[in-house]
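Q:
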Amino acid sequence: MLADTLKEDIQTAYSELLSNKGYKARYCQKVMIAEIARTLGTLTEPDDEASDEEAGTPTQPNTCVVEAGTGTGKTIAYAIAAIPIARALKKKIVIATATVALQEQIVYQDLPDIRMHSGLDFSFALAKGRRRYLCLSKLDLALQESSSMNHTLALYDLESSGGDIDASDTDVFEAMVSKLGSGDWDGERDSWPHEVENNTWLRVSTDHAQCTGRQCSHYENCYFYKARENIHRAQCIVTNHDLVLADLMMGGGAVLPPPEECLYIFDEGHHLPDKAANHFSHFMGVYSTRGWLQQLPASLKLAASDLMLADPSAKVEQQIDDLVRDFDMAAQLLQQFQAEADEVDDGFRYRFPLGVVPQEIKELSAGLTVSVGRLAAEVEQFEATLNDMVEDASGETRDQAEHWLSAVASMVARLDSCHGLWSSYARPDNATPYARWAQFRETNMEGMDILLSSCPISVAEELATRLWQRSFGVVVTSATLSVGRDFTSFQKRSGIAPDNRFVTLPSPFDFGGKGVLKIPRMQTEPGTPAEHTEEITKLIPALLESNPGSLVLFTSWRQMLSVMDDIDPEFRERVLCQGELSKIEILTRHKAAVDAGQKSCIFGLASFAEGIDLPGDYCTHVVIAKIPFAVPDDPVAATLTEWIEAEGGNAFREISVPEAAIRMVQMSGRLLRTESDHGQVTILDRRLLTKFYGKQILGALPPFTREYE
5 MLADTLKEDI QTAYSELLSN KGYKARYCQK VMIAEIARTL GTLTEPDDEA
55 SDEEAGTPTQ PNTCVVEAGT GTGKTIAYAI AAIPIARALK KKIVIATATV
105 ALQEQIVYQD LPDIRMHSGL DFSFALAKGR RRYLCLSKLD LALQESSSMN
155 HTLALYDLES SGGDIDASDT DVFEAMVSKL GSGDWDGERD SWPHEVENNT
205 WLRVSTDHAQ CTGRQCSHYE NCYFYKAREN IHRAQCIVTN HDLVLADLMM
255 GGGAVLPPPE ECLYIFDEGH HLPDKAANHF SHFMGVYSTR GWLQQLPASL
305 KLAASDLMLA DPSAKVEQQI DDLVRDFDMA AQLLQQFQAE ADEVDDGFRY
355 RFPLGVVPQE IKELSAGLTV SVGRLAAEVE QFEATLNDMV EDASGETRDQ
405 AEHWLSAVAS MVARLDSCHG LWSSYARPDN ATPYARWAQF RETNMEGMDI
455 LLSSCPISVA EELATRLWQR SFGVVVTSAT LSVGRDFTSF QKRSGIAPDN
505 RFVTLPSPFD FGGKGVLKIP RMQTEPGTPA EHTEEITKLI PALLESNPGS
555 LVLFTSWRQM LSVMDDIDPE FRERVLCQGE LSKIEILTRH KAAVDAGQKS
605 CIFGLASFAE GIDLPGDYCT HVVIAKIPFA VPDDPVAATL TEWIEAEGGN
655 AFREISVPEA AIRMVQMSGR LLRTESDHGQ VTILDRRLLT KFYGKQILGA
705 LPPFTREYE
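Take 5 as the starting number for the sequence shown in this note's numbering and just add one per residue.
#1: Using the three-state DSSP reduction, which class does residue 70 fall into: helix, strand or coil?
#2: Could you tell me the boundaries of the alpha helix (DSSP H) in which residue 570 lies?
#3: Do residue 410 and residue 214 count as a contact pair if the criterion is CB distance below 7 Å?
#4: Going by the beta-carbon positions, is the gap between residue 17 and residue 122 smaller than 7 Å?
#5: Helix, strand or coil: how does DSSP classify residue 447 here?
#6: Using 8 Å for Cβ pairs, my map puts residue 359 next to residue 439. What's the rounded Cβ distance?
#7: Relative to the C-alpha of residue 526, which residue among 216, 257, 689 is closest?
#8: Pick from 303, 395, 384: whose alpha carbon is nearest that of residue 416?
#9: Look at residue 476 and residue 95 and say whether their C-beta atoms are less than 7 Å apart.
#10: Under the DSSP definition of a beta bridge, which residues are partnered with residue 244?
#11: Can you check whether the CB of residue 368 is closer than 7 Å to the CB of residue 327?
#12: Residue 425 and residue 456 - do their beta-carbons sit closer together than 7 Å?
#13: The beta strand (DSSP E) with residue 354 in it runs from where to where?
#14: Is any non-hydrogen atom of the ligand ATP found closer than 6 Å to the C-beta of residue 266, if you look at the structure I gave you?
#15: Give me whichever residues DSSP pairs with residue 628 in a beta bridge.
#16: Please specify which runs of the alpha helix (DSSP H), each continuous and at least 4 residues long, are wholly inside the segment 5–38, giving them in chain order.
#17: Quick check on DSSP: helix, strand or coil for residue 340?
#18: For residue 286, name the three-state secondary structure that DSSP assigns.
#19: Go through its chain and collect everything with a Cβ distance to residue 211's Cβ below 7 Å, but skip five positions before and after it.
#20: So which of 336, 309, 253, 599 has the shortest CA-CA distance to residue 463?
#21: Does the separation of the CB atoms of residue 625 and residue 683 fall below 7 Å?
#22: Do residue 376 and residue 422 have their C-beta atoms within less than 7 Å of each other?
#23: Considering only the beta carbon of each residue, do residue 114 and residue 79 sit closer than 7 Å?
#24: Apply the 10 Å Cβ neighbour rule to residue 693 and answer buried if 16 or more other Cβ atoms are within range, or exposed otherwise.
#25: Kindly identify the DSSP beta-bridge partner or partners of residue 456.
#26: If you scan the segment 370–448 from start to end, which runs of the alpha helix (DSSP H) of 4 or more residues do you find wholly inside it?
#27: Can you give the Cα-Cα distance for residue 442 and residue 643, rounded to whole angstroms?
#28: Just checking, does the segment 428–436 make contact with the segment 339–346 on the three C-beta pairs under 8 Å criterion?
#29: Should residue 142 be labelled buried (16 or more other beta-carbon atoms within 10 Å of its own) or exposed?
#30: Given residue 247, which residues of its chain have a CB within under 8 Å of its CB, disregarding the five upstream and five downstream residues?
#31: Using DSSP bridges, identify the partner residues of residue 192.
#32: Quick check on the DSSP output: the beta strand (DSSP E) that includes residue 523 runs from which residue to which?
#33: For residue 125, which residues from the same chain have a beta carbon less than 8 Å from its beta carbon, with the 5 sequence-adjacent residues on both sides left out?
#34: For residue 509, which three-state DSSP category applies?
#35: I think residue 709 touches residue 516, with their Cβ atoms under 8 Å apart; what is that distance to the nearest whole Å?
#36: So residue 559 and residue 629 are supposed to be a Cβ contact under 8 Å. How far apart are they, rounded?
Take a look at the structure:
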């Protein structure tokens, strides 16, 4: 039970905030505070006498999943509930978001406001990954790459950036040195006054594999480690899902505090399973990796020569010859599938049915797993030698060793990535299913490459092991976590145990009084795409004629661009279309036009279906072109479908319909952003009224006044 003192602290903070801000208490917000407090406030430390196996696993439910719509005030709710509890339990709070926009809102607006007006005294900091910070060692290297050593090291920057080294980058790097020297820049990419091209920035930033940590001669002045010190001093850390997942992949506690010491809050939590799938996936180009392996002995030989060390290249040369031969054999085996591959945007793709690769490829993958692992061990030994040298050497020798240590660490990371891919292809078929596919495509450097991919169709077990069972406590919140209050789909995808708390809160908005959901009479359905596109092209101008600001959401580039090409030219003048301008520029121009008394309409895809805020006249009408079912040729979705049906399930009912319903909720959620907003959602898809799944999807949508023609 929640201690009385904690109850009082939470209630006092909430009352003060409402009073000082002139807010009225919202029932849904009060319920959210209570649900989070009830879950987190009853957690206790594990028994000191528990076994090692038991100590890492919570003995009680520790996760609260809260679905709360726009207008709830979710940040206030979870902050007011969690901060006093974390302080009492001596735990850190980690707030993770899926988008930069929400992250910045929490750091620069919400938390300062809560601290100022609630009476809660707490510190907070923004945590970013290494790649967001300048690496002083890499900056030195970029400015001194004329030597043979630095030229060789630059090859690794080139591979990671994917582009040619541009001599004009030197001007940017020299400007960075100048601004650092004058104190006008803090070393963060986000605060550099101009846009920096990705290829340019990659050359002066680093990642976990290449960072030499305390061994680096710039460690005392390192912008990443200075920021990290601030992070570990703060009581509340704001970051993104990707950094949390990356930290967990490294064992937890590598960048953020250990999971056992954290109360995690995942805002925009519906993104978490998909984000996790990206972290547990493997990718590798067969020909590009083969070419890189052939260069490896020469690079190691040059490193040994520069530093007067024992040359390791002879040891690895024979291993690499064998590896190259096996890579050629793999390419030959894979090439036979190109004739059966489907054409995609950047080449041809063949997906292995059920993710099962032929036995000969599996056996070759098992051998490659062993061989790559053996090679990685040899290179790691040389890395250890360099590490010792950096500790013992000084002056120019130390600088050379340090630069080579970073490069060799990058080689090890690439070998580890290669090992992970082949290991995934060698996994037994009775293990957790993976989607596996080969993509045949033209590249600038290799001519043609075969990109092998492997992605788990479920991350439930990985998340359960790495996150839910290790963390002290967790809150997951979003406006879209259930389908009609049923959390089954999200619970299965995320791996959260069903005995945890799952709550759907009532919305503060008067949907029935402020919004209308309309499905007009139509002659076509999306099953006949050309005819459906032609009909909605004619309908849209009339539907939106009187609206100052409107939003039309499509599920495919093809349909959106086709409508743009054929729509009434006069109406076309008011349209801002995704792809023609950046997202920020579209939103800026749209708001400026509405503010000026002009009519404006945005055409967009999935990125405009969530995470954008167009209150008032900026959006009084949302048009949804059709039900957003997943793209049928997505290799992971296709493999998941096959696997469910092979197990006797119905993938369309279990996966496609619930996911489409959640996307529809996100789309329709663009309409009412404040309590005073009003307007209409129009869905140009009659299948909602004619197909068996229509009732389920309609039941998940907000309770607007319904008008079906």
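Beta carbons are placed, not taken as given, at the ideal position from N, Cα and C, and that holds for glycine.
Bear in mind the structure is a predicted one, so any value in this text is a computation, not a measurement.
A: Quick look at the numbers:
#1: strand
#2: 561–570
#3: yes
#4: yes
#5: strand
#6: 5 Å
#7: 689
#8: 384
#9: yes
#10: 101
#11: no
#12: yes
#13: 351–355
#14: Inclusion of the ligand ATP in the displayed structure is not the case, the ligand content being empty and no account of it being possible.
#15: 557, 687
#16: 8–25
#17: coil
#18: strand
#19: 134, 135
#20: 253
#21: yes
#22: yes
#23: yes
#24: exposed
#25: 288, 442
#26: 399–429
#27: 14 Å
#28: no
#29: buried
#30: 100, 131, 132, 133, 259, 260
#31: 137
#32: 519–523
#33: 119
#34: coil
#35: 5 Å
#36: 7 Å
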